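Chains as they are written, first to last, in the numbering used here: chain A, 7 to 290; chain H, 4 to 359.
Right, here's the structure in full:
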């Protein structure tokens, strides 16, 4: 059992890479004072656009770019409603998830006769995304948010936006930038999910990873170290799940499928009273 | 001004009706939905005519629409009550499944027992989220969503394991006993009466009782309600339980009136659709009667699109999203309309000291 668990850890790290990318993106956005439930829809759209681009261009690299483009479109839609129209962010986010599910379901069926979703997809040569997600991006973003004037202002947008305005800077600009960062990361996450972890697109393939990411941001107390730790805890729990599955101890398959969500619930409940969210989180 | 006086002032049948906006949102969703077919070579006019004839064009189509409206009405009420109270219950899908499971397990004791079980099971499933919110300060917007996924997999386990049909052929349960099925009214089932009664009861609760006033006050301005002596935590628990019971009843009625069996994709998005139903109704229980009918028609029409034009029926979900987006933009200036209770902004800041 222990051996199986250890053997499952590398797999768990790879498998939770899209989740980590989503966590990092959502962290930036929440630090800027927004809650984006729509990240689930961004990832789903990215997964689809990544597969379509990769198939049309026969290039994995361009596939990832296509994923980023898809997520950016959805992110821009969220920004349009949440920032430009100052609509409620939770309701906007929920609507965006539904929109992405409806649209990808529609396009998937329309293109089913086509070869795009049937042919084998081009494979990723060397996996650069995993070290990028677990090392480079967290360090770069932590530097950006805590060591630069821009980052200070971005975080101020999440705590006291009026102060940013009083300082002559634009709250909207910082929040849009945060959304752009999240779009890139969610795009990478969706593309990695479809092109590296799976062999193509499937309906609802994101399976709640966006919502799990939001929970891990809270667990990690809106900090990058916490985000990495939270995703690692989650990944190891998932590894235990794989190990259990491999050991064939007769835990029913469908109950194992529920494990990630139960773990996330426990993670959310384990943080009682000790977290302080950005002061202006979710306010329009 | 004491609570009684405020309540008297608020006594209007439809306090914040913005009918033109709702009609515009509905029309826009249909228009966008028809237009989206252009990209793949469908004629928008043809799509529109299929949507209309497939949902309200014949007696048969209309029956289909009414059948779909029943669960939508109840999940819509579920969301309307929760959002009015400033509680983010996005867990209609899971509560729907919990209700159906509860009804199935109690079905052998007859129809009334099964319906009661669905109410209770939905309320319990929702209350997990309010308990986590009160005891561990976990935001209900996330816990309710996570509970949806857990319910879906629990149901998957049930219909592949302990509750699988005796023949063991498909991942579905046996049919519930005849004695527990809802009586038929022509081609509809008695659930439609229950759903309409639920809508009237929800309206009465929210707008004709002091309890309902406290509930809405908690959602409208959490701290003001608190200072006025309302136990806002108790309101949260109550709103969540009632909201969950409504979604659970929807699941129970769908089981006892339509499917008679449980299977993996039982919920089919009714829970999430409830958000669109409630927002189109501007969170008014009686408005959900009309908006549930609209989304019932959209769902039925989308099914017809899939059969005759080969277009994925998920376009109904697309239509729901459009309606939600239009409604939140146009009702934004009138936040008091309840689409986004001000208190929700406060409740969203998880983990603040003065909240607890």
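Glycine included, every Cβ here is placed at the ideal spot set by N, Cα and C. Source: prediction; values computed, not measured.
The C-beta of residue 183 of chain H has 16 or more other C-beta atoms within 10 Å across all chains shown, which makes the residue buried. Contact between the segment 59-70 of chain A and the segment 173-183 of chain A is absent: fewer than three C-beta pairs spanning the two stretches fall below 8 Å.
Taking residue 129 of chain H as reference, the option from H/250, H/270, H/298 and H/276 with the minimal CA-CA separation is H/250. Neighbourhood of residue 315 of chain H in chain A, by CB distance below 8 Å: 111, 112, 114, 115 and 116, in chain order. Residue 156 of chain H is not bridged by DSSP to any residue.
Per the C-alpha coordinates, the member of H/261, H/25 and H/331 positioned closest to residue 188 of chain H is H/261. For residue 138 of chain H, the enclosing alpha helix (DSSP H) starts and ends at 114-139.
Pairing residue 224 of chain A with residue 327 of chain H, the inter-Cα distance amounts to about 27 Å. If you compare the alpha carbons of A/268, A/201, A/252 and A/262 with that of residue 71 of chain A, the shortest gap goes to A/201. With contacts defined by Cβ atoms closer than 8 Å, residue 10 of chain A and residue 253 of chain A form a contacting pair. In the DSSP assignment, the residues bridged to residue 187 of chain H are H/192. Taking 8 Å as the CB threshold, residue 214 of chain A lines the interface with chain H.
For residue 156 of chain H, a Cβ of chain A is located within less than 8 Å of the residue's own Cβ.
For residue 204 of chain A, no alpha helix (DSSP H) segment is defined, and its DSSP state is neither H nor E.
Among the residues facing chain H, residue 163 of chain A is not included, as its CB has no counterpart in that chain under 8 Å away. Residue pairing of residue 266 of chain H in beta bridges, as defined by DSSP: H/175. In terms of Cβ geometry, residue 323 of chain H and residue 109 of chain A do not form a close pair [threshold 8 Å].
In this structure, residue 259 of chain H lies away from residue 330 of chain H, with their beta-carbon atoms at least 8 Å apart. Look at residue 160 of chain H: its C-beta is under 8 Å from a C-beta on chain A.
Proximity of chain A to residue 321 of chain H at the Cβ level (cut-off 7 Å) is accounted for by 105, 108, 109 and 112, in chain order.
Taking every protein chain shown into account, the CB of residue 153 of chain H has 16 or more other CB atoms within 10 angstroms, so this residue is buried. Those residues of the segment 124-142 of chain H placed with their C-beta closer than 8 Å to a C-beta in chain A are 135, 138, 139, 140, 141 and 142, ordered along the chain. Between residue 269 of chain H and residue 158 of chain H, the C-beta spacing is below 8 Å. Your pair residue 122 of chain H and residue 254 of chain H does not check out as a contact, with CB atoms roughly 10 Å apart and the cut at 8 Å. By the C-beta criterion, the segment 264-274 of chain A is judged not to be in contact with the segment 162-179 of chain A, since fewer than 3 inter-stretch pairs fall below 8 Å.
Residue environment: residue 276 of chain A is assigned as exposed (fewer than 16 neighbouring CB atoms within 10 Å of its CB, all protein chains considered).
Identification of residues in the segment 92-107 of chain H having a C-beta nearer than 8 Å to some C-beta of chain A yields 93, given in sequence order. In the three-state reduction of the DSSP assignment, residue 225 of chain A falls in the helix class.
In this structure, the alpha-carbon of residue 29 of chain H lies about 41 Å from that of residue 240 of chain A. Positions of the alpha helix (DSSP H) runs, each at least 4 residues long and wholly inside the segment 40-102 of chain H, are given as 47-59 and 62-87 in order along the chain. For residue 246 of chain H, the uninterrupted alpha helix (DSSP H) segment begins and ends at 235-257.
Between the C-alpha atoms of residue 229 of chain A and residue 221 of chain H there is a straight-line separation of about 32 Å. Against chain A, the CB of residue 163 of chain H has a partner CB under 8 Å away; the residue lies at that interface. In this structure, residue 233 of chain A lies away from residue 79 of chain A, with their beta-carbon atoms at least 8 Å apart.
Put simply, the CB of residue 243 of chain A is far from chain H, with every gap to its CB atoms at 8 Å or more. Assigned with DSSP and collapsed to three states, residue 34 of chain A falls in helix.
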